[in-house]
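**Student:** Protein chains in written order, with the working numbering: chain B, 362 to 488; chain H, 362 to 488.
Cβ coordinates follow ideal geometry from the N, Cα and C atoms, glycine included.
Keep in mind that this is a model prediction, so the values were computed, not measured.
To start, I am sharing the structure in question, which I have written as structure tokens.
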DNA sequence: CATCAACATAGACGTATGTCGAATCAAGAG
DNA sequence: CTCTTGATTCGACATACGTCTATGTTGATG
């Protein structure tokens, strides 16, 4: 399965080797799930709970959006493998799946020994 | 936990404290820029270059897309603060801006001492 | 069984996004 | 100056996305 991650140690190595087309597609889904302010806040609220679980009834009132919309965003986060939900009685509790965030963090972390790209000689006024 | 180092400068601490609405909007733009397979591969190709710079003429033929489309994606990556471009003579060279990827990596990295959410372990009342 | 509350799903609608071809701008060669 | 090559910008279009209202499903309660 994860054939090429062994080549660099762990993961698909976004920053150290050109990304495979298939890997790029998989990763894009996850990043796309993070590419929305509402979902980012939802993930943040879920992840920062010490117990690790948050009831939807606690999430919904924090936004100025309808309940189905929140439910929709939670579904996308779940489909991206970032969170998981479980029904307990009347309420549904969501929790973070740290495996995915760990993987992303690893992808975006430069190897320690990697030389930073030498900055251009004299940055001028243009950005 | 003194999670947030600065209001807008360094580390909004996605996983340890609820994300601010404005921070979420800013972050979402960056993640949205990463939420496309083509852009992920472009970023990967640029970042993995040892010299740190890649000519557009090297990037375009790697895709089955028109040159304007590649240029469009590069523009989005640049607007997200992930890469920067510089024209040298006929060709334009792009390079990674590691500050942004470092920031994202930090956001997605859990603090070492942070207790991982135990999967349905605590039967007691939730806080 | 009837009813209510918490979430999820379905369909609809406006906007954003990815893509293209054509036009335009920038730099070098004849 | 003109012509060619590299790259961005522009205008258009199909699709995807975020949001809503309406409806369905699940579980608790009387």
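Can you give me the C-alpha to C-alpha distance between residue 380/B and residue 373/B, rounded to a whole angstrom?
**Tutor:** In the first chain, counting from the first residue as 1, residue 380/B sits at position 19. In the first chain, counting from the first residue as 1, residue 373/B sits at position 12. Distance between the alpha carbons of residue 380/B and residue 373/B is about 7 Å.
**Student:** Go ahead and label residue 451/H buried or exposed: buried means 16 or more other beta carbons lie within 10 angstroms of its beta carbon, across all protein chains shown.
**Tutor:** Looking up residue 451/H in the second chain gives position 90. Counting Cβ neighbours within 10 Å, residue 451/H comes out exposed, since fewer than 16 surround it.
**Student:** Can the beta-carbon of residue 456/B be found closer than 7 Å to that of residue 413/B?
**Tutor:** Walking along the first chain from the start, residue 456/B turns up at place 95. Walking along the first chain from the start, residue 413/B turns up at place 52. Going by C-beta atoms, residue 456/B is nearer than 7 Å to residue 413/B.
**Student:** Looking only at DSSP bridge pairs, what is residue 464/H linked to?
**Tutor:** Position 103 of the second chain, counted from the start, is the residue given in the question as residue 464/H. Its beta-bridge partners do not exist; DSSP assigns none.
**Student:** Out of 440/H, 467/H and 398/H, state which residue places its alpha-carbon closest to the alpha-carbon of residue 424/H.
**Tutor:** Here residue 424/H refers to the residue found at position 63 of the second chain. Here the closest residue by C-alpha is 398/H.
**Student:** Residues in the region 419 to 435 of chain B with C-beta within 7 Å of chain H's C-beta atoms, listed in sequence order?
**Tutor:** The residues in question: there are none.
**Student:** In chain B, which residues lie with their C-beta within 8 Å of the C-beta of residue 408/H?
**Tutor:** What you label residue 408/H is simply residue 47 of the second chain in a count that begins at 1. Going along chain B in sequence order, the residues near residue 408/H (Cβ under 8 Å) are 375, 376 and 377.
**Student:** Hey, is residue 402/H's beta-carbon within less than 7 Å of any beta-carbon in chain B?
**Tutor:** As a first step, residue 402/H must be located in the second chain, where it is residue number 41. It does; some Cβ of chain B falls within 7 Å.
**Student:** Distance cutoff 7 Å, beta carbons only. Does residue 465/H sit that close to anything in chain B?
**Tutor:** Here the question's residue 465/H lines up with position 104 in the second chain. Yes, its Cβ sits closer than 7 Å to a Cβ of chain B.
**Student:** Within 10 angstroms of the Cβ of residue 445/H, are there 16 or more other Cβ atoms? Answer buried if so, exposed if not.
**Tutor:** Start at 1 with the first residue of the second chain, and residue 445/H comes out as number 84. Burial call: buried.
**Student:** Under a three-way DSSP split, which group does residue 380/H fall into?
**Tutor:** For the purposes of this step, residue 380/H is taken as the residue at position 19 of the second chain. In the structure shown, residue 380/H sits in coil (DSSP, three-state: anything other than H, G, I, E or B).
**Student:** Does the beta carbon of residue 398/B sit closer than 7 Å to a beta carbon anywhere in chain H?
**Tutor:** The sequence position of residue 398/B within the first chain is 37, counting from 1. Yes - at least one Cβ of chain H is within 7 Å of the one on residue 398/B.
**Student:** Tell me whether residue 419/H sits in a helix, a strand or coil according to DSSP, three-state version.
**Tutor:** Position 58 of the second chain, counted from the start, is the residue given in the question as residue 419/H. Looking at residue 419/H - three-state DSSP - the assignment turns out to be helix.
**Student:** Tell me the DSSP bridge mates of residue 454/B?
**Tutor:** Locating residue 454/B in the first chain gives position 93, where the first residue counts as 1. Beta-bridge pairing links residue 454/B to 416/B and 447/B.
**Student:** Distance, Cα to Cα, residue 384/B vs residue 405/H?
**Tutor:** For the purposes of this step, residue 384/B is taken as the residue at position 23 of the first chain. For the purposes of this step, residue 405/H is taken as the residue at position 44 of the second chain. Answer to the nearest angstrom: the Cα atoms are 11 Å apart.
**Student:** Label residue 375/B either buried or exposed according to how many other C-beta atoms from any shown protein chain fall within 10 Å of its C-beta, with 16 as the threshold for buried.
**Tutor:** By 1-based counting over the first chain, the position of residue 375/B is 14. Buried: at least 16 other Cβ atoms inside 10 Å.
**Student:** Mind checking whether residue 518/B and residue 453/B have CB atoms under 7 Å apart?
**Tutor:** With chain B running from 362 to 488 in the structure shown, residue 518/B is simply not present.
**Student:** Do residue 443/H and residue 461/H have their beta-carbon atoms positioned less than 7 Å apart in this structure?
**Tutor:** Position 100 of the second chain holds residue 461/H. Position 82 of the second chain holds residue 443/H. Contact: yes.
**Student:** Should residue 389/H and residue 401/B be called a contact, given that it needs their Cβ atoms to be closer than 7 Å?
**Tutor:** What you label residue 389/H is simply residue 28 of the second chain in a count that begins at 1. What you label residue 401/B is simply residue 40 of the first chain in a count that begins at 1. The answer is yes: Cβ separation under 7 Å.
**Student:** Is residue 448/B buried or exposed, if buried means 16 or more other CB atoms sit within 10 Å of its CB?
**Tutor:** Looking up residue 448/B in the first chain gives position 87. By the neighbour-count rule (16 or more Cβ atoms within 10 Å), residue 448/B is not buried but exposed.
**Student:** Output needed for residue 426/B: all residues of its chain with C-beta closer than 6 Å, excluding positions within five of it in sequence on either side, in chain order.
**Tutor:** As a first step, residue 426/B is located in the first chain; it is residue number 65 there, counting from the start. Counting only Cβ-Cβ distances below 6 Å, and skipping sequence neighbours, we find nothing.
**Student:** Name the residue from 472/B, 458/B and 465/B whose alpha carbon lies nearest to the alpha carbon of residue 440/B.
**Tutor:** Translated into the one-based positions of the first chain, residue 440/B becomes position 79. Checked all of 472/B, 458/B and 465/B; the closest Cα to residue 440/B is 458/B.
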